[in-house]
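Contents: one structure, followed by commentary.
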Amino acid sequence: MLASVLAGLLLAGCTEGYAQPQAAGDQPAIAGGKDAAPSRPTDVQLASGDSRQSGGVIAAGGADAVYNYGPSVMLDRGRTRMWWCSQYGGAGPAGDDILYAEAPSIDGPFTGPGGGIPAAVFSGAPGQFDGMHTCDPSVLRVGSTYYLYYTGAAGDHALGNSIGLATSTDGIHWTRAAGGKPILGPSHDVYRANVYGAGQPSVVYLDGWFYLMFTDTTGRAAGWNGAGQFLLRSRDPAFGSGVQALDVGGFVPVASTAAPRARSIVDGFSADLMWVGALAAFVVAHETDGGTTLTFWTADFAEHPFQPVVIPGPWKEGPGLVRRADGHAPLSPADPCDRVPFDVVRATGLGGAAAPTDLRHFGLDLLGSQACANPGRVAATFDGVTVPSPERTMDLVRAGTRIRVERRAVAVALAGEVLDKAPPALATLPVAARLRSGAEAVEAPDRGFAFVLDDHRWRVPDGGVVGNNASTARPVSTAQWDGYPRGASLVG
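Per this note's numbering: the sequence shown = residues 1 to 492.
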């Protein structure tokens, strides 16, 4: 495996011989967006504290794996789960594989399912677009479904990289989606010396939208060396319909994922994206000289609400943010109203193939978020969180309200994060509905599933949640579904 060096900076992603290389950008973040006056202060400087790092390597492939990089890290129902790019000679075919391991905490040790070495859980499909390489995982869970977005390539030819999608019910056993076809490829806006193509996806689920950030060295707004991060969103996880692209004026509808790449939000490669409810902002983690830089954007990507922050330390390849299952930032267990933890895992050394390896953990807290300053901030901070209620049930926060859920397993399935104790600030949010065991549920064609609570329709992600509640979904027509007054979506 060969890592590429351009302008004196190490580049790593899917690499030549194991998917193609790219070089790190060397320009500051590319701004853009609306010219209107901001609705809140911009470029606010937040203090940082509690800098931390693991004592050593926290995860590595076993057997003959000589490189480990591109991690996707998820806090999922009490486990820290991680997927990353490596290669096992016995996994077949010859090329990049996606490994999986889990641990009780971010500092490991990470082991494969049931213990032992990490498992190769996703590899190339001979004869398909990803016939040789599968790399750069970004994993979400929405309801009972896990979504794996990844870079795939059939070989080591120019512009061979594209982005694929697979789904799973456990995060280990995967089925290719979209008929095994790529959901996004190079736009071919501009041809540059960097022939990597499209890849390195990072996906967040927010308010019913899948936000997909990615590299495309052929994008019009990419830098001279192909550096740049582009952004699409859709309510369809496969991005087959209803696609919007981030342009200089905001999100605009486009015919497909092949639309011209008109705006980049960060000049770099191998970045990760996260929504931070406590700051009401997106954050992009990308590597710069001093470590991992956190660049903040408002929800519409129009302004930088906070000044960039650097998580210092060595690196050889891009970071994976430690995120909730929906791609949101976890809360601080000690002080969710003032502190926001940011933790990343990144490769810090070069292995026997001169390729990135030695995955280590680095992090810090940002202070002074004022996340509980008013009910609106509380609603944004705790959206998707479930906590014990005063009635020995669970409160799930959605759309600025609390839904009182009788069954803990159902609340956990619907939540992005579970807290053992309810912060006092949550009392400012009203209880909008109660989800009792066996509650009425409905299912409609092209609509999905919903609970009917107080004659309102509260949409849920899938039928698994309905079954876990000891409910049975009653088939209804689309017209009947639309006739129910709409409650908040419980999907996220």
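We treat Cβ as the ideally placed atom computed from N, Cα and C, and that holds for glycine.
**Message:** Please report the straight-line C-alpha distance between L231 and R323, rounded to a whole angstrom.
**Reply:** 19 Å
**Prompt:** Taking Cβ to Cβ, would you say W209 is nearer than 7 Å to R233?
**Reply:** yes
**Item:** Residues near R377 by beta carbon distance below 6 Å, same chain, minus five either side
**Value:** A371
**Request:** In the DSSP assignment, find the unbroken alpha helix (DSSP H) run with Q480 in it and report its ends.
**Result:** T478 to G483
**Asked** From this set, V344, L359 and D343, which residue's C-alpha is nearest L350's C-alpha?
**Response** L359
**Message:** Please return the same chain residues whose Cβ sits closer than 7 Å to the Cβ of T298, not counting the five positions on each side in sequence.
**Reply:** A281 and P305
**Prompt:** From G226, T145 and Y196, pick the residue whose C-alpha is nearest to that of D156; which is it?
**Reply:** Y196
**Asked** From what residue to what residue does the beta strand (DSSP E) around R233 run?
**Response** F230 to S234
**Asked** Nearest to L490 by alpha carbon, out of G483, Q480, F449 and D482?
**Response** F449
**G487 - DSSP class collapsed to helix/strand/coil** = coil
**Message:** Comparing C-alpha positions only, which one of A158, G179, A425 and G171 sits nearest to G164?
**Reply:** G179
**Message:** For G416 and D326, which I take to be in contact (beta-carbon distance under 8 Å), what is that distance rounded to the nearest angstrom?
**Reply:** 4 Å
**Message:** Classify D267: buried if its beta carbon has 16 or more other beta carbons within 10 angstroms, exposed otherwise.
**Reply:** buried
**Message:** How far does the alpha helix (DSSP H) with R377 in it extend, from its first residue to its last?
**Reply:** P375 to F382
**Asked** With which residues is Q128 paired in a DSSP beta bridge?
**Response** Partner(s): none; Q128 has no beta bridge.
**Item:** Terminal residues of the alpha helix (DSSP H) in which R323 lies
**Value:** Counting along the chain, R323 falls outside any alpha helix (DSSP H), though it belongs to the beta strand (DSSP E) covering E317 to R324.
**Asked** Applying the criterion that 16 or more other CB atoms from any shown protein chain within 10 Å of the CB defines a buried residue, is H173 buried or exposed?
**Response** exposed
**Asked** Which value, in whole angstroms, describes the spacing of the CA atoms of W83 and A411?
**Response** 26 Å
**Prompt:** Between D289 and D395, what straight-line distance do the alpha-carbon atoms span, to the nearest angstrom?
**Reply:** 44 Å
**Item:** Which of helix, strand or coil DSSP assigns to I30
**Value:** Residue placement at I30 cannot be trusted, given a pLDDT of 27 that sits under 50; what the coordinates show is reported in the next sentence. Correct three-state label for I30: coil.
**Request:** For Q45, count neighbouring C-beta atoms within 10 Å of its own C-beta (all shown protein chains included) and say buried if the count is 16 or more, exposed if not.
**Result:** exposed
**Asked** To the nearest whole angstrom, what separates the beta carbons of L99 and P118, a pair I think is in contact under 8 Å?
**Response** 4 Å
**Message:** Looking at the strands, I want to know which residues DSSP matches up with Y196.
**Reply:** Per DSSP, none; premise fails for Y196.
**Request:** Spatial neighbours of R235 within its chain, please: CB distance less than 8 Å, with the 5 preceding and 5 following residues excluded, ordered by chain position.
**Result:** G208, W209, F210 and G242
**Prompt:** Thinking just about the alpha-carbon of each residue, which of E287, L246, V340 and T80 is nearest to the one in F301?
**Reply:** L246
**Pairwise C-alpha distance: P137 and Q200** = 8 Å
**Request:** Using 6 Å as the cut-off, classify the Cβ of V387 as near or not near the heavy atoms of the ligand NAD, replying yes or no.
**Result:** For the ligand NAD, the structure offers nothing, since it holds no ligand at all.
**Message:** Given this structure, state the Cα-to-Cα distance separating A413 from L426, to the nearest angstrom.
**Reply:** 20 Å
**Item:** Own chain, CB closer than 7 Å to L429, minus 5 neighbours either side, in chain order
**Value:** P375, V378, A379, V397, G400, T401 and R402
**Prompt:** Quick one, are the C-beta atoms of G55 and D365 less than 7 Å apart?
**Reply:** no
**Prompt:** Considering only the beta carbon of each residue, do H286 and A262 sit closer than 7 Å?
**Reply:** no
**Message:** Bridge partners for F251 per DSSP, in chain order?
**Reply:** L246
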